[in-house]
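17 is the number of the first residue of the sequence shown in my numbering; add one for each residue after it. Note that the Cβ used here is the ideal one computed from N, Cα and C, for glycine as well. Predicted, not measured: the structure shown is a model, and the values here were computed from it. Input: a single structure, listed below in structure tokens.
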Amino acid sequence: MLSDLRDKFEKASAAYAAEHAIVRDPDWYILKLHEELGELTQAWNKASGRGRKRGTPIEDLRRSLADETADLLGHVLLFAHNNDIDLAAAIERKWKFSPDL
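Structure, rendered in structure tokens:
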């Protein structure tokens with residue numbers, strides 16, 4: 017499951033990078049994680065009433081929260097892949113279950 021998901025994120029990310037002339041060097045992966053976490057935090061602040069909503073409907077705020085969560089998940093998988101991290105094995109060690117079952 018994780019490897020299939022990772023492969024889909026990798027394909028989408030590589031296509032986006034090629035289209036926009038982005039070099040995905042080792043630093044890019046960790047910097048994107050930080051960027052996406054910041055965007056998720058901003059979405060959370062707005063959705064939870066801790067940030068300015070600027071008249072944005074709650075449905076849009078919730079959608080933004082979901083979208084930024086998806087971005088963060090994708091970049092976690094890309095970071096792990098780029099750093100040869102066996103995420104499934106790490107999940108088994110840390111969380112005591114197999115994510116691929």
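From this set, the options, which residue's C-alpha is nearest residue i's C-alpha?
{"i": "residue 46", "options": "112, 99, 108, 27", "result": "99"}
{"i": "residue 26", "options": "96, 37, 78, 61", "result": "96"}
{"i": "residue 84", "options": "35, 51, 108", "result": "51"}
Let me know the secondary structure DSSP gives residue i once reduced to three states.
{"i": "residue 39", "result": "coil"}
{"i": "residue 101", "result": "coil"}
{"i": "residue 25", "result": "helix"}
{"i": "residue 95", "result": "helix"}
So, under 8 Å CB-CB, residue i and residue j are touching, yes? Tell me the CB distance rounded to an integer number of Å.
{"i": "residue 88", "j": "residue 53", "result": "6 Å"}
For residue i, does the count of other Cβ atoms within 10 angstroms reach 16, so buried, or fall short, so exposed?
{"i": "residue 110", "result": "exposed"}
{"i": "residue 56", "result": "buried"}
{"i": "residue 65", "result": "exposed"}
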